[in-house]
Amino acid sequence: MKNKRENFLNKSSRRGFLKAAGISAAAIGIGAAPAIKAVSIASGGGDAVSNMPVTTPKAEVLKAKRWGMVIDTSKITDEVVEGVVAACRNAHNIPDFDHKPDEKKYPNTRPVNKTQEIKWIWEEHYKYAFPEMEDEFLADKFKSLPFLVTCNHCKNAPCVQACPTKATFKREDGIVIMDFHRCIGCRFCMAACPYGSRSFNFRDARPFIEKINPEFPVRSKGVVEKCNLCAERLERGLQPACVEASEGGIVVGDLEDPESEVRALLKENYAIRRKQELGTEPSVYYIM
Amino acid sequence: MSKNAIIAGLVVFVAAALFPFWFNIGGTNAAPEAELSAKAKAAKKCVLDKYDMRANHMTILNDWRTSVVRNSDRMYKSTNGKTFGMSLSTGEDSCLGCHTDKAKFCDKCHNYASVNPYCWECHTDPKEVTNEK
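Top line first, the protein sequences correspond to chains X and P.
Numbering-wise (numbering that gives the first Met the number 0), the first sequence opens with residue 0 and increments by one.
Numbering-wise (numbering that gives the first Met the number 0), the second sequence opens with residue 0 and increments by one.
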């Protein structure tokens with residue numbers, strides 16, 4: 000008996016143990032495979048969604064290697080400015096702090112702080128738009144001329160570098176655009192942008208939107224927003240809203256294409272960019 | 000003596016621990032079914048099939064978001080052959096374009112499951128917009 004037991008604990012037992020262990024491991028493995036598969040499908044890791052991007056871009060999409068904008072300052076009058084700003088406002092549900100909120104729908108809306116307004120494209124004086132160009136004897140017309148300023152969709156966009164969540168990024172076609180879903184509202188981009196082209200939503204915008212455009216989302220409190228060069232319109236084959244409203248004052252096109260309209264305009268006219276010396280390489284040109 | 004006390008204590012404990020189960024027995028808390036609009040019923044095929052959709056709609060919405068915002072690709076070709084606009088609420092081929100009643104389609108289950116996705120903080124329900132006019 001004692002002998003047998005010793006035997007069991009010694010040689011044959013080790014072999015027996017290994018055999019049993021091997022068999023049971025294999026059995027567990029075979030038995031668990033379907034279970035693991037089922038769990039992975041249930042948790043969304045299955046093939047249902049992973050083979051998802053069977054996407055097809057539409058044919059009418061307007062494309063460019065690098066989108067740019069040329070603004071002919073001689074064609075920008077006060078009426079054009081008004082039209083352009085309104086068109087942009089309507090296209091993107093930008094709140095207008097001069098709009099009086101509907102008391103019934105939005106009771107007890109607190110008064111607005113105009114310094115918190117949201118700006119995508121707006122009017123600026125020459126001296127603020129081009130502060131580095133402090134000419135002693137500036138031509139009179141520039142003192143009163145309205146300048147339309149907006150996001151410059153810079154080649155070296157500082158806002159993109161500043162964004163810690165990659166909510167702001169540069170698309171391959173040069174448009175600097177935001178993913179509002181990812182924005183955490185840290186406002187680093189606002190500090191980084193030398194053009195003040197970014198605005199923070201300090202409050203719910205809905206009470207200040209006269210008529211919500213269902214084609215574009217509203218923004219929630221706590222995100223930054225900016226001009227997106229009407230990326231959603233370009234995708235439908237439409238020109239940006241500001242271009243349509245500008246009566247020929249604004250042209251948007253491909254800066255990398257020598258045959259494009261913007262390049263033709265730049266070839267023939269003297270054009271300047273805002274704060275070029277900062278090296279951000281703005282894509283918005285002003286024909287003087 | 001102590002035996003009785005222990006048993007009594009155990010009964011109370013078990014009753015308390017199982018509270019969520021006996022409280023809901025025969026109750027009215029049955030899980031709601033998403034109600035399909037007439038249009039959705041007529042269309043028959045959704046983006047994915049029913050159970051996949053139920054389990055993975057949040058993942059697909061996430062993927063759509065990336066596709067639209069990052070890759071500027073807004074058309075989704077489903078494996079069942081149909082194409083959809085990758086949008087919650089804009090256009091006839093978007094989610095709400097077919098599932099016209101947000102309250103019955105989205106909110107019903109989300110409220111029951113106590114999940115509060117923040118989709119509608121920014122995206123607009125077309126009905127909300129038309130009421131405004």
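Glycine included, C-beta positions come from ideal geometry on N, C-alpha and C.
In this text, all values refer to a predicted model and were calculated from it rather than measured experimentally.
For alanine 244/X, count neighbouring C-beta atoms within 10 Å of its own C-beta (all shown protein chains included) and say buried if the count is 16 or more, exposed if not.
Sequence index remark: in the first sequence, residue 244/X carries index 245 (1-based). Alanine 244/X comes out buried.
According to DSSP, simplified to helix, strand and coil, what is alanine 270/X?
As a first step, residue 270/X is located in the first sequence; it is residue number 271 there, counting from the start. The three-state reading of DSSP puts alanine 270/X in strand, counting E and B together.
Beta-carbon proximity list for lysine 169/X, same chain, < 7 angstroms, skipping 5 on both sides
For the purposes of this step, residue 169/X is taken as the residue at position 170 of the first sequence. Hits under 7 angstroms: Ala156, Val159, Val175.
Strictly under 9 angstroms for the Cβ-Cβ distance: is glutamate 127/P near chain X by that measure?
In the second sequence, the residue the question calls residue 127/P occupies position 128. Chain X, which has a Cβ nearer than 9 angstroms to the Cβ of glutamate 127/P, makes this yes.
Collapsed DSSP secondary structure at glutamate 280/X in the structure displayed
For the purposes of this step, residue 280/X is taken as the residue at position 281 of the first sequence. Glutamate 280/X falls in the coil class under three-state DSSP.
Cβ neighbour criterion (16 or more within 10 Å) applied to phenylalanine 335/X
Here chain X covers residues 0 to 287 and nothing more, so residue 335/X does not appear.
For alanine 63/X and isoleucine 286/X, what's the separation of their Cα atoms in angstroms?
By 1-based counting over the first sequence, the position of residue 63/X is 64. By 1-based counting over the first sequence, the position of residue 286/X is 287. Straight across, the Cα-Cα distance linking alanine 63/X with isoleucine 286/X is about 21 angstroms.
Excluding the 5 residues preceding and the 5 following lysine 274/X in the sequence, name in chain order all residues of the same chain whose CB lies nearer than 6 angstroms to its CB.
Along the first sequence, read from residue 1 onward, the residue named residue 274/X stands at position 275. Result list for lysine 274/X: Pro193, in chain order.
Under 8 angstroms (Cβ pairs) to chain P, residues found in the stretch 238 to 259 of chain X:
Result list empty, no residue passes.
Tell me the rounded alpha-carbon separation between tryptophan 121/X and alanine 263/X.
Position 122 of the first sequence, counted from the start, is the residue given in the question as residue 121/X. Position 264 of the first sequence, counted from the start, is the residue given in the question as residue 263/X. Cα to Cα, tryptophan 121/X sits roughly 26 angstroms from alanine 263/X.
With a cut-off of 9 angstroms, does the C-beta of isoleucine 211/X fall near any C-beta of chain P?
In the first sequence, counting from the first residue as 1, residue 211/X sits at position 212. Closer than 9 angstroms: yes.
Below 8 angstroms on the Cβ atoms is my guess for valine 69/X versus tyrosine 269/X; work out the distance and round it to an integer in Å.
Locating residue 69/X in the first sequence gives position 70, where the first residue counts as 1. Locating residue 269/X in the first sequence gives position 270, where the first residue counts as 1. So it is not a contact: roughly 12 angstroms between Cβ atoms.
Pair within 9 angstroms by beta-carbon distance, leucine 147/X and glycine 248/X:
On the first sequence, position 148 is the one that residue 147/X refers to. On the first sequence, position 249 is the one that residue 248/X refers to. Closer than 9 angstroms, so yes.
By the criterion of Cβ-Cβ separation under 8 angstroms, what are the contact partners of arginine 170/X in chain P?
For the purposes of this step, residue 170/X is identified with residue 171 of the first sequence, where counting begins at 1. Under the 8 angstroms cutoff, chain P gives Arg69, Ser71.
Alpha carbon to alpha carbon, how far is glycine 252/X from lysine 76/X? Give it in angstroms, no decimals.
As a working mapping, residue 76/X is identified with position 77 in the first sequence. As a working mapping, residue 252/X is identified with position 253 in the first sequence. It should be pointed out that residue 76/X corresponds to threonine in this sequence rather than to lysine. The straight-line gap from Cα to Cα measures roughly 22 angstroms.
Would a C-beta distance cut-off of 9 angstroms place tryptophan 119/X and isoleucine 93/X closer than the cut-off?
The residue you call residue 119/X lines up with position 120 of the first sequence. The residue you call residue 93/X lines up with position 94 of the first sequence. Against a cut-off of 9 angstroms, the Cβ pair of isoleucine 93/X and tryptophan 119/X comes out as a contact.
Beta-carbon spacing of arginine 186/X, cysteine 150/X below 9 angstroms:
Counting from one through the first sequence, the residue named residue 186/X turns up at place 187. Counting from one through the first sequence, the residue named residue 150/X turns up at place 151. It is not a contact, given that the beta carbons lie outside the stated cut-off.
Min CB distance aspartate 178/X to chain P below 9 angstroms:
Sequence index remark: in the first sequence, residue 178/X carries index 179 (1-based). Yes, aspartate 178/X counts as interfacial toward chain P.
Throw me the rounded Cβ distance for the asparagine 200/X and arginine 181/X pair, which I believe falls under 8 angstroms.
Residue mapping note: residue 200/X aligns to position 201 of the first sequence, counting from 1. Residue mapping note: residue 181/X aligns to position 182 of the first sequence, counting from 1. Going by Cβ atoms, the distance from asparagine 200/X to arginine 181/X rounds to 15 angstroms, so no, they are not a contact pair.
Does DSSP classify glutamate 123/X as helix, strand or coil?
Walking along the first sequence from the start, residue 123/X turns up at place 124. DSSP, reduced to helix, strand and coil, places glutamate 123/X within a strand of the structure shown.
Verify the CB distance criterion: does glutamate 32/P have a CB-CB separation below 9 angstroms to chain X?
Against the second sequence, residue 32/P aligns to sequence position 33. Closer than 9 angstroms: no.
Check whether the Cβ atoms of leucine 95/P and proline 116/P lie closer than 9 angstroms to each other.
Locating residue 95/P in the second sequence gives position 96, where the first residue counts as 1. Locating residue 116/P in the second sequence gives position 117, where the first residue counts as 1. Against a cut-off of 9 angstroms, the Cβ pair of proline 116/P and leucine 95/P comes out as no contact.
Do cysteine 87/X and cysteine 188/X have their CB atoms nearer than 9 angstroms?
Taking the first sequence and counting its residues from 1, one reaches residue 87/X at position 88. Taking the first sequence and counting its residues from 1, one reaches residue 188/X at position 189. Going by C-beta atoms, cysteine 87/X is not nearer than 9 angstroms to cysteine 188/X.
What's the call for aspartate 51/P, buried or exposed, on a 16-neighbour Cβ count within 10 Å?
Counting from one through the second sequence, the residue named residue 51/P turns up at place 52. Its Cβ being crowded by 16 or more others within 10 Å, aspartate 51/P is buried.
Strictly below 7 angstroms CB to CB, what residues from chain X border glutamate 120/P?
Taking the first residue of the second sequence as position 1, residue 120/P is located at position 121. Neighbours of glutamate 120/P on chain X, chain order: Ser219.
For the beta strand (DSSP E) containing aspartate 77/X, list its first residue and its last residue.
Here residue 77/X is taken as the residue at index 78 of the first sequence, counted from 1. Aspartate 77/X -> not in any beta strand (DSSP E); alpha helix (DSSP H) instead, spanning 77 to 91.
Per the DSSP calculation, isoleucine 293/X is bridged to which residue(s)?
Residue 293/X is absent from the structure shown; chain X starts at 0 and stops at 287.
Excluding sequence positions up to five away, which residues of its chain have a Cβ less than 7 angstroms from the Cβ of serine 66/P?
As a working note, residue 66/P is residue 67 in the second sequence. Around serine 66/P: Asp72, Met85.
Between which two residues does the alpha helix (DSSP H) harbouring glycine 8/P extend?
In the second sequence, the residue the question calls residue 8/P occupies position 9. Here the alpha helix (DSSP H) through glycine 8/P covers 1 to 16.
N-terminal and C-terminal residue of the alpha helix (DSSP H) that isoleucine 59/P is part of:
Counting from 1 along the second sequence, the entry for residue 59/P is found at position 60. Run containing isoleucine 59/P: 49 to 70, per the alpha helix (DSSP H) assignment.
Quick check on the burial criterion: 16 or more other C-beta atoms within 10 angstroms. Buried or exposed for isoleucine 6/P?
Residue numbering aside, residue 6/P sits at position 7 when the second sequence is read from its first letter. Exposed, since its Cβ has fewer than 16 Cβ neighbours within 10 Å.
Anyone know if the C-beta pair for lysine 165/X and asparagine 89/X falls short of 9 angstroms?
Counted from its first residue, the first sequence places residue 165/X at position 166. Counted from its first residue, the first sequence places residue 89/X at position 90. No, these two residues do not count as a Cβ contact at 9 angstroms.
I want to verify the contact list: residues of chain X whose CB lies under 8 angstroms from the CB of arginine 64/P, in sequence order.
For the purposes of this step, residue 64/P is taken as residue 65 along the second sequence, with counting starting at 1. Here the neighbours are Asp178, His180.
Is the CB-CB distance between isoleucine 271/X and alanine 204/X below 9 angstroms?
Your numbering for residue 271/X matches position 272 in the first sequence. Your numbering for residue 204/X matches position 205 in the first sequence. It is not a contact, given that the beta carbons lie outside the stated cut-off.
Could one say the Cβ of valine 223/X lies closer than 9 angstroms to chain P's Cβ atoms, at least one of them?
Residue 223/X sits at position 224 when you count from the first residue of the first sequence. It does not; no Cβ of chain P falls within 9 angstroms.
Which same chain residues, not among the five before or five after leucine 87/P, have their C-beta less than 7 angstroms away from its C-beta?
In the second sequence, the residue the question calls residue 87/P occupies position 88. Within the same chain, leucine 87/P has close Cβ partners Ser93, Cys94, Leu95, Cys118, His122.
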